[in-house]
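Order-wise, the sequence lines are chains A and B.
For the first sequence, this note's numbering begins at 1 and goes up steadily by one.
For the second sequence, this note's numbering begins at 1001 and goes up steadily by one.
Glycine included, each C-beta is placed from N, C-alpha and C at the ideal position.
There are 2 protein chains.
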Amino acid sequence: MLGTFCVRVCSGFRATSCVRTLHSLPGITVAQIDEEVAKLLELKVRLGGDDGKHQFVLKTAKGTRDYNPKQMAIREKVFNTIISCFKRHGAETIDTPVFELKETLTGKYGEDSKLIYDLKDQGGELLSLRYDLTVPFARYLAMNKITNIKRYHIAKVYRRDNPAMTRGRYREFYQCDFDIAGQYDAMIPDAECLKIVHEILSELDLGDFRIKVNDRRILDGMFAVCGVPDDKFRTICSTVDKLDKMPWEEVKKEMVNEKGLSEEAADQIGEYVSMQGGMDLAERLLQDQKMSQSKLACAGLSDIKLLFSYLQLFQVTDKVVFDLSLARGLDYYTGIIYEAVLTQAGVAPVSNEAQNGTNAEESVNVGSVAGGGRYDGLVGMFDPKGRKVPCVGVSIGIERVFSIMEQKAEASAEKVRTTEVQVMVASAQKNLLEERLRLVTELWNAGIKAEVMYKMNPKLLSQLQYCEEAGIPLVAILGEQELKDGVVKLRVVATREEMDIARTDLISEIRRRTSEA
Amino acid sequence: MLGTFCVRVCSGFRATSCVRTLHSLPGITVAQIDEEVAKLLELKVRLGGDDGKHQFVLKTAKGTRDYNPKQMAIREKVFNTIISCFKRHGAETIDTPVFELKETLTGKYGEDSKLIYDLKDQGGELLSLRYDLTVPFARYLAMNKITNIKRYHIAKVYRRDNPAMTRGRYREFYQCDFDIAGQYDAMIPDAECLKIVHEILSELDLGDFRIKVNDRRILDGMFAVCGVPDDKFRTICSTVDKLDKMPWEEVKKEMVNEKGLSEEAADQIGEYVSMQGGMDLAERLLQDQKMSQSKLACAGLSDIKLLFSYLQLFQVTDKVVFDLSLARGLDYYTGIIYEAVLTQAGVAPVSNEAQNGTNAEESVNVGSVAGGGRYDGLVGMFDPKGRKVPCVGVSIGIERVFSIMEQKAEASAEKVRTTEVQVMVASAQKNLLEERLRLVTELWNAGIKAEVMYKMNPKLLSQLQYCEEAGIPLVAILGEQELKDGVVKLRVVATREEMDIARTDLISEIRRRTSEA
């Protein structure tokens, strides 16, 4: 009741005059009134605005975004390029639900498990939103006892991370995965994954890139021969992983001061992780006195050699570099690992110096756009009998690609079209709605992409303006005279050229003028 | 420790023999042992199987499913048909996040709100999975102050419903929406929505269908003139909605006995809701003594007449029927509503009798496959100033369509291909892996969809069998002789025909033989 009273009293007054009016009332202090007003205003906000309309917080959830039609047009183009590549390599596709049983995700992501979105317990099963597409893929293989498949999967995944949306990092984002599962001869599917990354990044035309390659077995072997205790492999590995963001001196400091590694061991690691090259580096390390003591490292190095021989046949060695500093975070990798990074324009071809192991011409890492590796143990974690299905795969960092493409589109003068409309059916005079609807029906029925304005009597000018804005290339204009003559005036929006086309020839004329071939 | 002991004792014995052995030990009763064994077995199940492997419940969440490659191939075909239609009509597309702020969904779905999936409160905002695409669309329009858009949106939505998966009902399912927002002249966009439903259902070739049309204003006007009290409109409306599943007698019983309507009012409603027809029925009802008393009904009836005049121009009246029994559940509709149903093969053309209002040739409703209507108030619920954006839209019941297409594919002899591979690069002898990789690279680089087996020395027969299974039409076979001669043996899988093709002509020959034109 007080609320109603006060709002009535105040209505039409600014807050200050309202307070002044009440100020002279007996037994009420200004402070009390202020307090009451504040309460009421808060209540008002909660109840709705001045006119009684509800006040919503009009936003999307933190770390998420809508895609507007322009962004969708870019997204579609990127997806088409990527999917074409996957299909060219014979991949099938699958889809899995957006949520999984919570236990399916448990114990797969180490520390990052805290980033998993759980659903509220509303009775029934405990569910979580998928964190990636790899674990659901492994669950799918085990559940359906599939031992061979080459599949791609493009879908959204969810992480309660701190979003850095300007850099293309979201809490809801796409992953775009290609994986080959099955028991095959060494390095053939692994090499095809790299071929695919090379094709996609070339076709997307994002600028120069490099694909770094390493092998978990080489890393583990290297740690062993450098004197890292077994139980420190993982933690030292994750420190090595920081080399793309930190200089060696800091990485070393972390190893020695935080992880308790001996300075000597750290220095030995430091020597190895500065090495980059190709097949020749793998050969050299196979002869390396220390490295060759590790069977594990030798197996990895032989496979790197084999990999490079296939990459030569696939014609992609120009962009691939064997880089001992590449570590990658995920626990489940068991063999080859790789990561593609965009290099700044004009920077860092794989030079001889780099191949010789110095960092003289080190490329500037402007962001990872693809990554992956071999994970031969993950499916076995889901199989009741622990049966393993060897897998190798790659994930395209599609959100970063979107960001870059959007920036490029923004910078370029060319307009991004959000529809594919070929022709607008317009009228030059009034009372021609029926004729317009009749004609647009003819066009639709012939498979022509066509639009008509949803007005009884739109102005010709506004119809033409709409075409300019939407990038529609042609206008089919109807008028009394055209109807009498059995023709349609076809206007080319770009040139403003107009010509009469016999009604019977219209469809073929539109097709001819809008065929992209 | 007891666990370890007992498991050791029992290991290698069946439960019965184990119990017998222990039976003679002093101070232990059989009952105690049974209890201990039960506890240990339970523990064992929780810890893992016999060999120490973890036991997962290998399943997807209740009411959800994976799509395998065959289902995905069908899904892609259906989506392509539908998206082509939307694009032909000039629609853009948008995407919104899978979860929204909980309050965005609050108060939009009436009783069905209990079916919304909430996310667990993990700190930060309270979130829910989207229940449909319409409310996020309205939120998007209000948030971005968009007053005109024609957009489609195909995405998954979530409902904690009781799944009936055999009938194509899931807790995670696709919606496929097309909506036109904007202030336009009456019934033009509404008619285009029906044209789109007609085009999509015709192209999907699901068998005969009918599109029922009605208008919320006609329903409300009818209730008013039949003497339904204002506060019972919604509940009586939802009873009318059951007419497609229940005979009139039962519907009437519910109105009178459960909803407390007078028998007289119910009978009057019964007369109206049995009426079906076209423009003529709308005209007749405009003259109807009772119905014409309602201004609301008259506005609706005039619009139905106008709608049918546009539908005639769009050439779709063969499938559209004005049906006063169509009610549709959602609260937010404000004008025209419609629903498309598949009719059993050969049943129920819109006969004269039906148009005259009798149900002599009533169609058997085998399921709604599309529905929609006009909702002019929803966007205003999100706008801080309550500004309205009139909208009309349609949702294609894509999951039912998938089910039907899958059944058809199952029944048909034709094999569903899950890849688009045009050619397999095979070898007739050993030691030709390098040559195969070289050739497949040439093909990939030319944009040909090609595969190679990931084996050093695959058998020719297994390569050919793979092609038969996967439906790959061509095999490019390399052998010592072919390499010498600079040719490739091209084999047509279907006919087993083989011919030597000069290596330089191979790409154009493959293109020629696999072009679909």
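Contact list for residue i against chain B, beta-carbon separation under 8 Å
i: PRO97 (chain A); result: THR1060, ALA1061, THR1064, ARG1065, ASP1066 and GLU1172
i: GLN315 (chain A); result: THR1441 and ASN1445
Supposed close pair residue i, residue j - CB separation, criterion 8 Å
i: PHE1382 (chain B); j: ALA1142 (chain B); result: 3 Å
i: LEU311 (chain A); j: ALA191 (chain A); result: 6 Å
i: LEU1474 (chain B); j: VAL1423 (chain B); result: 4 Å
i: GLN268 (chain A); j: PHE322 (chain A); result: Not really, about 19 Å apart at Cβ, beyond 8 Å.
i: ARG1171 (chain B); j: LYS1062 (chain B); result: 7 Å
i: ILE398 (chain A); j: ASP215 (chain A); result: ILE398 (chain A) to ASP215 (chain A), Cβ: 26 Å. No contact.
i: THR1343 (chain B); j: ASP1500 (chain B); result: About 56 Å; that fails the 8 Å criterion.
i: LEU330 (chain A); j: GLU339 (chain A); result: Not really, about 12 Å apart at Cβ, beyond 8 Å.
i: SER368 (chain A); j: VAL341 (chain A); result: 5 Å
i: LEU1115 (chain B); j: TYR1131 (chain B); result: 7 Å
i: GLY1371 (chain B); j: ARG1328 (chain B); result: 7 Å
i: LEU1324 (chain B); j: ILE1218 (chain B); result: 7 Å
i: SER294 (chain A); j: ALA224 (chain A); result: 5 Å
i: LYS489 (chain A); j: GLU480 (chain A); result: LYS489 (chain A) to GLU480 (chain A), Cβ: 12 Å. No contact.
i: VAL1487 (chain B); j: VAL1452 (chain B); result: The Cβ separation is near 18 Å, so there is no contact.
Rounded C-alpha distance that separates residue i from residue j
i: GLU420 (chain A); j: ARG75 (chain A); result: 15 Å
i: THR81 (chain A); j: HIS89 (chain A); result: 13 Å
i: ARG496 (chain A); j: TYR454 (chain A); result: 24 Å
i: VAL1197 (chain B); j: VAL1440 (chain B); result: 44 Å
i: GLN1122 (chain B); j: LYS120 (chain A); result: 10 Å
i: LEU1127 (chain B); j: TYR1117 (chain B); result: 9 Å
i: THR1093 (chain B); j: ALA73 (chain A); result: 8 Å
i: ASP1112 (chain B); j: GLU1103 (chain B); result: 15 Å
i: LEU261 (chain A); j: MET255 (chain A); result: 6 Å
i: ARG436 (chain A); j: ALA450 (chain A); result: 11 Å
i: ALA266 (chain A); j: TYR272 (chain A); result: 10 Å
i: VAL57 (chain A); j: LYS1108 (chain B); result: 15 Å
i: TRP1248 (chain B); j: ASP1318 (chain B); result: 26 Å
i: ARG503 (chain A); j: CYS1085 (chain B); result: 23 Å
i: GLN355 (chain A); j: ILE304 (chain A); result: Low local confidence applies: a pLDDT of 38 at GLN355 (chain A) is under 50, so the model's placement there is unreliable, with the coordinate-based value given in what follows. Whole-angstrom Cα-Cα distance: 15 Å.
i: ILE1507 (chain B); j: LYS1430 (chain B); result: 24 Å
i: THR514 (chain A); j: VAL492 (chain A); result: 11 Å
i: GLN183 (chain A); j: ASN445 (chain A); result: 51 Å
i: LEU1201 (chain B); j: LYS195 (chain A); result: 41 Å
i: ILE1149 (chain B); j: ALA1138 (chain B); result: 11 Å
i: ASP1050 (chain B); j: ARG234 (chain A); result: Confidence at ASP1050 (chain B) is low in this model, with a pLDDT of 43, below 50, so the placement of that residue should be treated as unreliable; the coordinate-derived value is given next. Roughly 29 Å between the two C-alpha positions.
Paired residues, beta bridge with residue i - DSSP
i: LYS1156 (chain B); result: B:TYR1174
i: PHE1209 (chain B); result: B:LEU1342
i: ILE1180 (chain B); result: B:LYS1150 and B:VAL1392
i: ASP323 (chain A); result: A:GLN276
i: GLY372 (chain A); result: A:TYR338 and A:VAL394
i: VAL1492 (chain B); result: B:LEU1474
i: GLU943 (chain B); result: Since the first and last residues shown for chain B are 1001 and 1517, residue 943 (chain B) lies out of range.
Listed by chain order, chain A residues near residue i by CB distance under 7 Å
i: LEU1105 (chain B); result: Neighbours of LEU1105 (chain B) on chain A: none; closest Cβ ~11 Å, over 7 Å.
i: ILE1188 (chain B); result: TYR454
Partner residues on chain E for residue i, Cβ-Cβ distance less than 7 Å
i: VAL421 (chain A); result: The structure shown contains no chain E; its protein chains are A and B.
Contact list for residue i against chain A, beta-carbon separation under 9 Å
i: GLY1371 (chain B); result: Here the premise fails: no neighbours, minimum Cβ distance about 21 Å.
Listed by chain order, chain B residues near residue i by CB distance under 9 Å
i: TYR310 (chain A); result: LEU1433, GLU1434 and LEU1437
Within chain A, partners of residue i - CB distance below 8 Å
i: ASP1161 (chain B); result: None at all; the shortest Cβ gap to chain A is about 12 Å.
i: MET1547 (chain B); result: No statement about residue 1547 (chain B) is possible, as the shown extent of chain B runs from 1001 to 1517 and does not include it.
Proximal residues of chain B, C-beta to C-beta of residue i below 7 Å
i: THR418 (chain A); result: GLU1092
i: GLU497 (chain A); result: In chain order: nothing, as chain B lies at least about 23 Å away.
i: LYS459 (chain A); result: Those do not exist, as LYS459 (chain A) stays about 14 Å from chain B at its closest Cβ, beyond 7 Å.
Contact test: residue i Cβ vs the ligand ATP heavy atom, cutoff 8 Å
i: GLU1254 (chain B); result: Ligands are entirely absent from the displayed structure, and the ligand ATP is therefore not among its contents.
Report task. Report the residue ranges of all beta strand (DSSP E) runs contained in full by the stretch 418-484 of chain A; include only those spanning at least 3 residues, in chain order. Result -> 423-427, 450-452 and 474-478
**Report entry** Contained alpha helix (DSSP H) runs [length at least 4] in the stretch 262-303 of chain A, N- to C-terminal order
**Finding:** Complete alpha helix (DSSP H) runs here, min 4: 263-273 and 279-287.
Query raised in the report: Mind pulling the alpha helix (DSSP H) runs of 4 or more residues that sit fully within the stretch 59-84 of chain A?
Result: none
Query - 3 or more residues per run - each beta strand (DSSP E) lying fully within the stretch 103-133 of chain A - result: 127-129
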